[in-house]
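Notes follow the structure.
Residue numbers (the working numbering), protein chains in the order written: chain A, 1 to 314; chain B, 1 to 314.
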């Protein structure tokens with residue numbers, strides 16, 4: 001990825017776009033895969049000026065600076081005072097204290113946005129922490145990830161062809177929402193607007209439940225007396241089914257707690273479906289088993305990812 | 001893949017090994033991915049003479065012959081009378097009637113082997129169908145697969161680096177077991193001997209349960225009123241977690257019924273683990289949630305597939 005000095009008169013080769021930066025000063029709290037990839041994509045497009053990195057891990061910030069992602073580092077208070085847009089790209093559990101820390105220092109025109117996997121809980125925390133500055137918070141969720149973590153995993157193509165859900169608040173200025181959406185479009189993403197509650201229900205189903213099921217399944221295998229033999233004989237089905245169980249425990253603890261009600265509701269329905277399989281097996285109900293399996297197999301075969309990996313080869 | 005005429009004086013270029021064929025006449029019942037890949041690997045190694053294809057679908061057999069996998073086709077009775085080894089590579093539900101059909105025609109030295117995903121049930125069917133010829137049946141299970149099906153998916157490298165479980169019967173002649181094992185080793189596989197009950201318990205856990213969970217999860221998503229929106233927003237986690245839910249319903253119906261007791265036992269334990277997640281979420285028990293997630297994530301990160309895909313690039 002190309003670094004930028006962030007100077008207004010910077011080398012044109014480093015700023016392929018001749019337009020003025022969309023974001024003169026960008027602050028990113030949490031310069032890992034998500035935040036770092038956002039920076040990398042905006043830098044490549046020449047749509048960002050100076051980038052300030054904020055985080056608790058000084059070594060990680062130094063690495064992000066060495067990679068040319070960020071120009072300098074700052075405290076939350078200083079970043080809030082200097083930035084035009086602040087992207088919060090930490091685990092969602094860290095957000096309440098961040099809202100508290102930045103709000104007293106925000107300039108009136110500054111936009112705060114996030115990349116959290118849940119929205120109702122984050123919005124509640126923002127309302128609590130930002131009070132009458134809540135109009136400055138534009139909630140968002142980029143649907144992208146990777147098995148890799150940290151600034152070294154930052155990839156200017158991470159968001160290309162991916163969906164970013166924006167869940168505007170009634171208080172938001174239309175121009176602020178449009179600016180956040182333009183930033184994500186500049187990263188190559190498609191923006192979808194959704195109500196926060198609808199967002200949380202959908203992602204409880206298609207993202208959080210698969211993670212919970214994969215985690216729980218691996219727990220059960222690991223607890224077996226012959227776990228070592230099981231793991232030694234596991235093949236490609238196991239590999240793909242459990243890939244997401246290797247995800248960050250801290251991040252998923254936060255997501256599970258943050259979206260608890262929607263997840264519990266979906267989990268109860270999945271458990272009822274497992275009961276249907278159990279009953280069909282126990283009672284040798286072959287027609288019921290056939291109907292369940294045919295429905296699942298047809299649904300999965302008909303499904304096409306919104307952004308298949310192959311299409312990312314641009 | 002190279003075809004073989006199966007003639008003793010065949011072109012040496014088509015028989016790279018100068019040794020006599022390990023299997024002068026091989027019959028394969030079900031010339032799909034599994035059976036076809038077995039043939040392709042043995043042909044490439046020059047260790048098979050004539051190959052007879054058996055199946056209910058004449059068009060599929062014609063395709064296998066056009067691809068050079070099989071030399072000709074025969075009925076079950078004729079194949080049994082002519083073959084030195086018969087590989088049964090059909091869904092396990094078809095095996096009982098096949099054992100009945102072949103047994104009266106088997107020559108005393110002929111070896112019958114299979115590729116079924118369950119072993120106790122297949123062995124019981126073989127004992128039922130083969131009676132006092134049971135010593136001629138050597139049970140086996142190659143741990144390999146693909147999303148592709150049929151003779152066109154046959155791949156001489158499918159078994160390279162993979163494990164094949166052989167579950168010998170007390171009645172088997174040691175030389176017959178060794179011959180089946182040598183055939184799989186010739187295909188590039190590693191052979192592991194296991195007791196049939198231990199095999200079924202292990203594969204109920206690391207293969208059958210992931211499939212059941214993936215099928216049930218997709219059923220639950222498909223049944224939601226907003227299923228279309230859910231599927232439209234599903235990403236790479238969903239893609240990998242549910243890949244195996246696109247598998248053949250007929251094949252998995254047979255496997256689930258064939259290994260019912262072991263699967264029900266594992267399923268009950270997975271459901272208890274899901275209950276533990278539910279309880280931790282409902283009671284806001286963060287230490288318990290952290291412990292579960294850390295255990296699963298560490299187990300999955302430490303896991304290495306027996307034959308990672310990358311190592312297949314030979």
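Every residue gets a Cβ at the ideal spot worked out from N, C-alpha and C, and that includes glycine.
Given the structure is predicted, the values throughout are model-derived calculations rather than measurements.
Boundaries of the alpha helix (DSSP H) harbouring residue 270/B: 260 to 282, taken from the DSSP string. The shortest C-alpha to C-alpha distance from residue 186/A to any of 161/A, 170/A, 202/A is the one to 161/A.
Taking a Cβ-Cβ cut-off of 7 Å, the neighbours of residue 229/B in chain A comprise 202, given in sequence order.
Contact between the region 138 to 146 of chain B and the region 230 to 238 of chain A is established, with three or more Cβ pairs separated by less than 8 Å.
Taking C-beta atoms as the reference points, residue 148/B and residue 76/B fail to come closer than 8 Å. As the crow flies, the alpha-carbon of residue 295/B is around 31 Å from that of residue 257/B. A distance of 8 Å or more separates the beta carbons of residue 165/B and residue 124/B. Interface annotation, residue 99/B: not in contact with chain A, CB-CB separation never under 8 Å.
When the beta-carbon positions are compared, residue 39/B and residue 154/B come within less than 8 Å of each other.
For residue 149/B, the three-state secondary structure derived from DSSP is coil. Around the C-beta of residue 59/A, fewer than 16 other C-beta atoms lie within 10 Å, and the residue is accordingly described as exposed. Around residue 145/B, the beta-carbon contacts reaching into chain A at under 9 Å are 235, 236, 237. Looking at the DSSP output, residue 88/A shares a beta bridge with 29/A, 114/A. Here residue 132/A is exposed: its Cβ has fewer than 16 other Cβ atoms, across all protein chains shown, within 10 Å.
The three-state secondary structure of residue 254/A, taken from DSSP, is helix. Here the region 174 to 183 of chain B does not lie against the region 209 to 221 of chain B, with fewer than 3 beta-carbon pairs under 8 Å apart.
Annotation: the continuous beta strand (DSSP E) that includes residue 50/A extends over 48 to 54.
No Cβ of chain A is located within less than 8 Å of the beta carbon of residue 33/B.
Taking the Cα of residue 113/B as reference, the smallest distance to any Cα among 163/B, 224/B, 169/B, 292/B is reached at 169/B.
Remark: three or more beta-carbon pairs, one from each stretch, lie closer than 8 Å, so the region 252 to 269 of chain A and the region 190 to 207 of chain A are flagged as touching.
For the pair of segments examined, the region 272 to 285 of chain A was found not to touch the region 248 to 257 of chain A: the number of CB pairs separated by less than 8 Å stays below three. Judged by DSSP secondary structure, residue 165/B falls within the beta strand (DSSP E) whose first and last residues are 163 to 166. Straight across, the Cα-Cα distance linking residue 285/A with residue 245/A is about 32 Å. Contacts between residue 246/A and chain B, judged by CB atoms closer than 7 Å, involve 297, 300, 301 in chain order.
With 16 or more other Cβ atoms inside 10 Å of its own Cβ, residue 47/B counts as buried. For residue 224/A, a Cβ of chain B is located within less than 8 Å of the residue's own Cβ. Here residue 89/B is near residue 28/B, since their CB atoms are less than 8 Å apart. With fewer than 16 other Cβ atoms inside 10 Å of its own Cβ, residue 108/B counts as exposed. Out of 274/B, 120/B, 289/B, the CA that lies nearest to the CA of residue 213/A is found in 274/B. At a cut-off of 8 Å, the C-beta of residue 166/A has no neighbouring C-beta in chain B. Ranked by Cα distance from residue 99/B, the options 136/B, 70/B, 291/B are led by 136/B.
Cβ atoms of residue 159/A and residue 188/A come within 8 Å of each other, at about 5 Å.
Looking at 152/B, 167/B, 199/B, the one whose alpha-carbon comes closest to that of residue 68/B is 152/B.
Within chain A, 240, 241, 243, 244 have C-beta atoms less than 8 Å from the C-beta of residue 240/B, given in sequence order. The beta carbons of residue 64/A and residue 31/A sit about 4 Å from each other, so the pair counts as a contact at 8 Å.
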